[in-house]
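Just so you know, the sequences run in chain order Z and A.
If you count the first sequence from 1, position 55 lands on 40 in our numbering, and the numbers rise without skipping.
If you count the second sequence from 1, position 163 lands on 189 in our numbering, and the numbers rise without skipping.
Where is the CB? At the ideal position from N, CA and C, for every residue including glycine.
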Amino acid sequence: MAYLELNNVCKTYGEGEEATEVLSNINLTMEEGEFVAIVGFTGSGKTTLVNLINGLLMPTSGEVLFKGQPVTDTSHERGVIFQNYSLLPWLTVGQNVYMAVKEAYPKENKSFLKKRVDDYVAMVNLSPAINKRPKELSGGMRQRVAVARALAMNPEMIIMDEPLGALDALTRGNLQDEILNIWSQDKRTALLITNDVDEGIYMADRIIPLKPGPNATLGPEFKIDIERPRDKTALNDNPNFKKTRNAIIEYLMDIGEERKSVSQEEYALPELAPKSFVA
Amino acid sequence: MEQEIVLKKQRQGLSFLKPLIMKLSPKINKGSLVSFLKKSGITLLSVLLFIGLWHMGAKALYDVEAEYKIEKALAERGQEAADAERACIASGDSSCQPNTLPSPSQVWASLQSLIADHQVITADKAAFVEKMAATNAKLIAQGKDAIVYTGRASFLDIIFTSIKTVFAGFLLALLIAVPIGIIIGLSPSLRSAFNWFIQVFKPVSPVVWYLLVFMIVKTLYIGDSSDNAFVISFISVGLCAMWATLVNTAMGVSSVDKDYINVAKVLKLGTFQKVFKVILPSSLPLIFTGLRITLSVAWMVLIAIELLAQSQGLGLFVWEEFQNGANDSNSKIIVAMFVIGIIGFLLDRFMLTVQNMVSFNKNEAV
Ligand SMILES: Nc1ncnc2c1ncn2[C@@H]1O[C@H](COP(=O)(O)OP(=O)(O)OP(=O)(O)O)[C@@H](O)[C@H]1O
Ligand SMILES: [Mg+2]
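And the structure:
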């Protein structure tokens, strides 16, 4: 039994004439302890896929199985880092994280919870900003709070929706390492949505492209056979890295081209011949 | 760690005091002083202009009235009577003054006399209390009611009554509208069930609310001779004014950002936690916007309702002065008008300050 299984999952938004099928026939299997990255174009349905897995959305058809059980609701076992941070603006950084930690550890005492909050806020280098409100933070800082909040809950599976998009290269690298650290301790399972192929290769065991929507579906997977721990600086000289990277980028460019030509076909003008005017 | 909303100190609502605060602070730099002088100069100028226009307008109306009186005397009683009338008006004798829009100086004089009157009444009251102290002590010892002062209310007492009525009405509105708003905001089916109710009762005029409350309270107070004017007026004020809060609360609660609801779901907050930690904080700004409207509506309808309910407040004061028709009645009405306006302004500023304190989206409250 796989850890996470998506069988022929379809998701349609809207009803009747308005209905658009965003995701079609998604099939995905993840084993426990795996790190999978999904890359895809904007608007292809990545966030929709994430919400189907974390339990915020239900599939229109098909099934999502987590440890063999259908996903019917959210769960503390699956932590989520939202793409749009989703911090509560009336709470400070510390309070946002505290709220999550308190829910994840309902039996622990206050000092434990507080220490955990401090630790995770420190991990994302936001200790000086712990008493600030989201409004006072930059986009990157907010993103880091969202990372701290999700990881502090100690979920078995970490679901990340473009978690590092707004960060500069250096901060991004540090946080990638932190996430990898947390993932490799007690072998958690991780699903990463990203638009950065290099990030996917550095972090994941497999990369799966999501084709452009509507009716987006998953493309062929690319296995990353690079030994862990991976060294970022050495990665560039690794022939395996270059090969995989080129293969993925080529594939993405191909489906990008395909999309363009498809959409051109779609918008081809209908043949309109003028009626003959008879006086 | 505190999970409550920490109220942030912000003085936006009182920002009109800023120039004053700046002036009082020891560190005045030249630029701020200049801008302060400029700002307050413009304000002062506009006030002077307003008073000037008012003075001229009042003068013109006075002349029209005076001319008419003299003409009338001439037509009815001949030249001699007209001359006498003219002399009488010129002498400022109160028996023959034209009755029209009072001038600024008359209004100022009325204010002074109202304050003097207040002092007289206060002294009266103190004397009465002293005189009756021994008697009252005896009465209370015998288990009877003490004798209380029932003389005329002074202008300040009247203002105080009005403010008391508004706050009681506001509190009532808050206690009714916020909980109901939250409940119907949370449930779409309750919302549609209540919708007709809100739509029908919201536009009902203060006068009708007063009559409705009067009907009910009169019956409830049956056999009780005590004065229920205050009760009737504050309930009417509250019922008139609560709709903005009700609608805003329901809207705020029902339109919480989807992202916050998703957070609540992913953290798996219980219903209670979800309502108090996510839904309510996120709708607080809208609730307070509603409360601010409620307070200003309460103050607006108060005058009409006090008049109807014969409650000893500013509304009744204005009406009685109008009926009275004494020489300084008109200027007393104008004094009351300014007092009403200024208190209304201060109440609104107060609410704006509170609103800004609970608003996590700065600049939201205007
Ligand atoms: N609640 C919704 N109702 C209707 N349509 C929706 C809804 N949410 C998303 N969509 C549509 O589904 C498609 C996929 O959206 P989604 O947010 O999953 O894309 P995404 O891949 O996450 O994009 P991005 O990279 O920009 O985050 C879009 O065309 C979007 O318009
Ligand atoms: Mg997305």
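In the structure shown, what three-state DSSP assignment does P205 of chain Z receive?
coil
Residue ranges of each beta strand (DSSP E) run of no fewer than 3 residues wholly in the stretch -3 to 33 of chain Z, ordered along the chain?
5 to 15, 20 to 25
For P148 of chain Z, does the three-state DSSP call read helix, strand or coil?
coil
Relative to the C-alpha of V327 of chain A, which residue among A:G195, A:M158, A:Q138 is closest?
A:G195
Going by DSSP, what residues sit across from T229 of chain Z in a beta bridge?
DSSP output for T229 of chain Z lists no bridge partner at all.
Counting only runs of 4+ residues fully inside the stretch 220 to 272 of chain A, write out the alpha helix (DSSP H) ranges in chain order.
232 to 246
List, in chain order, every chain Z residue whose beta-carbon is nearer than 7 Å to that of K300 of chain A.
Those do not exist, as K300 of chain A stays about 11 Å from chain Z at its closest Cβ, beyond 7 Å.
At a cut-off of 7 Å, is K31 of chain Z close to ligand 1 when judged by its beta-carbon and the heavy atoms of the ligand?
yes
Using a Cβ-Cβ cut-off of 7 Å (strictly less than) and excluding sequence neighbours within five positions of E163 of chain Z, which residues of its own chain qualify?
M108
Using the Cβ count rule (16 or more neighbours within 10 Å means buried), how would you classify M126 of chain Z?
buried
Provide the residue(s) that pair with E184 of chain Z in DSSP beta bridges, ordered along the chain.
Beta-bridge pairing links E184 of chain Z to no other residue.
Considering only heavy atoms of ligand 2, does any lie closer than 7 Å to the CB of D285 of chain A?
no
Look up S46 of chain Z in the DSSP assignment and give the residues it is bridged to.
Z:C(-5)
Does any residue of chain Z bring its CB to less than 8 Å from the CB of E390 of chain A?
Low confidence applies to E390 of chain A: its pLDDT is 40, below 50, so where it sits in the model is not reliable enough to give any reading.
Take the Cβ of D253 of chain A as the centre, count every other Cβ of all protein chains shown within 10 Å, and call the residue buried at 16 or more, exposed below.
Around the beta carbon of D253 of chain A, a 10 Å sphere encloses fewer than 16 other beta carbons of the protein chains shown; the residue is thus reported as exposed.
Please list, in chain order, all residues of the same chain as D47 of chain Z whose beta carbon is under 6 Å from its beta carbon, the five residues on each side excluded.
In the sequence as displayed, the identity of residue 47 of chain Z is Gly instead of Asp. Answer for G47 of chain Z: N(-8), N(-7), V(-6), C(-5), listed in chain order.
Residues in the same chain with beta-carbon distance under 7 Å from G336 of chain A, minus the five sequence neighbours each way, listed in chain order, please.
A small correction: the amino acid at residue 336 of chain A is Gln; Gly does not occupy that position in the sequence shown. Here the set comprises A255, L342.
Could you give the residue range of the beta strand (DSSP E) that holds I178 of chain Z?
174 to 179
Quick test of the definition: if touching needs 3 or more C-beta pairs under 8 Å, does the stretch 265 to 278 of chain A touch the stretch 304 to 314 of chain A?
yes
Show which residues of chain B have a CB atom less than 9 Å away from the CB atom of A85 of chain Z.
Within the model displayed, chain B is absent; protein chains Z and A are what it includes.
Should P148 of chain Z be labelled buried (16 or more other beta-carbon atoms within 10 Å of its own) or exposed?
buried
Would the stretch 344 to 357 of chain A and the stretch 135 to 144 of chain A be scored as touching if the rule is three or more Cβ pairs under 8 Å?
Contact holds between the stretch 344 to 357 of chain A and the stretch 135 to 144 of chain A, because three or more Cβ pairs, one in each stretch, are under 8 Å apart.
Within 8 Å of any Cβ in chain A, is that where the Cβ of R118 of chain Z sits?
yes
Using C-beta distances below 6 Å, list every residue in its chain close to M142 of chain Z, excluding the 5 sequence neighbours before and after it, in chain order.
R63, T174
Is any heavy atom in ligand 1 found nearer than 7 Å to the beta carbon of T27 of chain Z?
yes
How do the stretch 72 to 83 of chain Z and the stretch 126 to 136 of chain Z stand: do at least 3 beta-carbon pairs fall below 8 Å, yes or no?
yes
Out of Z:S71, Z:Q161, Z:V106, state which residue places its alpha-carbon closest to the alpha-carbon of D283 of chain A.
Z:S71
Give the C-beta separation of M377 of chain A and L321 of chain A to the nearest angstrom, bearing in mind that I take them to be a contact with Cβ-Cβ under 8 Å.
Indeed, because the Cβ distance is near 5 Å, the residues count as touching under 8 Å.
Label L75 of chain A either buried or exposed according to how many other C-beta atoms from any shown protein chain fall within 10 Å of its C-beta, with 16 as the threshold for buried.
By the Cβ-count criterion, L75 of chain A is exposed, with fewer than 16 other Cβ atoms from all chains shown falling within 10 Å of its own Cβ.
Between L195 of chain Z and G25 of chain Z, is the Cβ-Cβ spacing less than 8 Å?
Result yes, Cβ atoms of L195 of chain Z and G25 of chain Z sit closer than 8 Å.
How would you write the range of the beta strand (DSSP E) that I192 of chain Z sits in, first residue to last?
191 to 195
Bridge partners of R127 of chain Z, per DSSP?
Beta-bridge pairing links R127 of chain Z to no other residue.
Taking the alpha carbon of N125 of chain A as the point to measure from, which residue in A:I359, A:D374, A:I209, A:S61 has its own alpha carbon closest?
A:I359
Taking 7 Å as the cut-off, does the CB of D146 of chain Z come closer than this to any heavy atom belonging to ligand 2?
Yes; taking the cut-off as 7 Å, the Cβ of D146 of chain Z has a heavy atom of ligand 2 nearer than that.
Roughly how many angstroms lie between the CA atoms of G57 of chain A and K64 of chain A, to the nearest whole one?
11 Å
When every heavy atom of ligand 1 is checked, does at least one fall within less than 7 Å of the C-beta of G40 of chain Z?
False, no ligand heavy atom lies under 7 Å from that Cβ.
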